[in-house]
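Trainee: First the structure, then my questions, so here it is.
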Amino acid sequence: MLKFILRRCLEAIPTLFILITISFFMMRLAPGSPFTGERTLPPEVMANIEAKYHLNDPIMTQYFNYLKQLAHGDFGPSFKYKDYSVNDLVAASFPVSAKLGFAAFLLAVVIGVAAGVIAALKQNTRWDYAVMGVAMTGVVIPSFVVAPLLVMIFAITLHWLPGGGWNGGALKFMILPMVALSRPISPASRVLLAAQ
1 MLKFILRRCL
11 EAIPTLFILI
21 TISFFMMRLA
31 PGSPFTGERT
41 LPPEVMANIE
51 AKYHLNDPIM
61 TQYFNYLKQL
71 AHGDFGPSFK
81 YKDYSVNDLV
91 AASFPVSAKL
101 GFAAFLLAVV
111 IGVAAGVIAA
121 LKQNTRWDYA
131 VMGVAMTGVV
141 IPSFVVAPLL
151 VMIFAITLHW
161 LPGGGWNGGA
171 LKFMILPMVA
181 LSRPISPASR
191 VLLAAQ
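This is the structure we're talking about:
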C-alpha cells in the first residue's frame with residue numbers, strides 16, 4: 001500500500017509540472033495583459049506597470065522566474081489587489097474554505113451513510129429507488145450548476161437564505177455553500193449500498 005501511494009505521488013509530479021507549464025503559457029500567450037481590461041492607460045503607465053511585474057521580460061525568463069518562485073512557495077503578486085501577494089489572499093481565505101469544506105464533508109458523510117443504510121434496508125422498494133435516484137442525480141449534476149440553482153431558488157426567489165457573504169461564519173450564510181459542496185453524498189450512499 002505504501003509503495004502504491006509513493007508511486008502515485010511520484011507520478012503526480014510530472015503531471016503537476018505539465019499543468020503548471022500549460023497554464024503559464026496559456027495565460028501569457030492570451031491577447032492583452034492583466035491590466036488591459038481595466039480603463040485604458042497611457043502607454044508610459046502601462047510600460048511602468050509591466051516593468052514592475054516583469055511582464056516585459058522575455059517569456060522564457062518569466063517562465064523560469066515563475067517556476068523558481070513556485071519552488072519557494074511564492075505564488076507572486078496579485079494583479080487584481082494592489083499591495084497583496086497571492087499567498088496573502090490564499091492565507092486570508094483559507095480558514096473560511098477549510099471551515100466550509102469540513103462542514104460540507106460532515107454533511108456528506110452523515111446524509112450519505114443514512115441514505116445508503118435506508119437504501120440497503122429497504123432494497124427494491126420506493127425508498128431504495130428514491131435514494132438511488134437522488135444519488136445518481138447528484139453524481140450527474142456538477143456543483144457549478146447546483147450552486148447557482150440553490151442561490152436562485154432559496155436566496156432570490158424564496159428569500160429564505162442569503163445568496164452570498166460570510167458574516168463571521170453564521171450558519172445561515174453557510175447552508176447553501178455546504179449543500180452545494182456536499183455532493184459526495186451521492187457516491188457515499190452508492191458505496192454503502194454496493195457493500196451490503
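Numbered according to the working numbering, the sequence shown terminates at residue 196, and the numbering increases by one at each position without gaps. Even glycine gets a Cβ: it sits at the ideal position worked out from N, Cα and C.
(1) With burial defined as no fewer than 16 other Cβ atoms inside 10 Å of the residue's Cβ, what is the status of GLY112: buried or exposed?
(2) Do ASN65 and HIS72 have their C-beta atoms closer together than 8 Å?
(3) Just to confirm the assignment: which complete beta strand (DSSP E) runs, minimum length 3, are found wholly within the segment 47-89?
(4) Determine the DSSP secondary structure at GLY32, reduced to helix, strand or coil.
(5) Suppose the cutoff is 8 Å on Cβ atoms and the five residues either side in sequence are ignored; what does the same chain contact list for GLY101 look like?
(6) Mind checking which residues open and close the alpha helix (DSSP H) that includes PRO177?
(7) Within a Cβ cutoff of 8 Å, which residues of the same chain sit near ILE156, ignoring the five residues on either side of it in sequence?
(8) Can you tell me whether ASN201 is helix, strand or coil according to DSSP?
Mentor: On the basis of the supplied data:
(1) For the purposes of this step, residue 112 is taken as residue 112 along the sequence shown, with counting starting at 1. GLY112 comes out buried.
(2) Counted from its first residue, the sequence shown places residue 65 at position 65. Counted from its first residue, the sequence shown places residue 72 at position 72. Contact: no.
(3) none
(4) As a first step, residue 32 must be located in the sequence shown, where it is residue number 32. Three-state result, GLY32: coil.
(5) The residue you call residue 101 lines up with position 101 of the sequence shown. These residues qualify, in order along the chain: LEU181.
(6) Position 177 of the sequence shown, counting from 1, holds the residue named residue 177. From DSSP, the alpha helix (DSSP H) with PRO177 extends over 171-181.
(7) Taking the first residue of the sequence shown as position 1, residue 156 is located at position 156. Same-chain partners within the cutoff: GLY163.
(8) Here the chain covers residues 1 to 196 and nothing more, so residue 201 does not appear.
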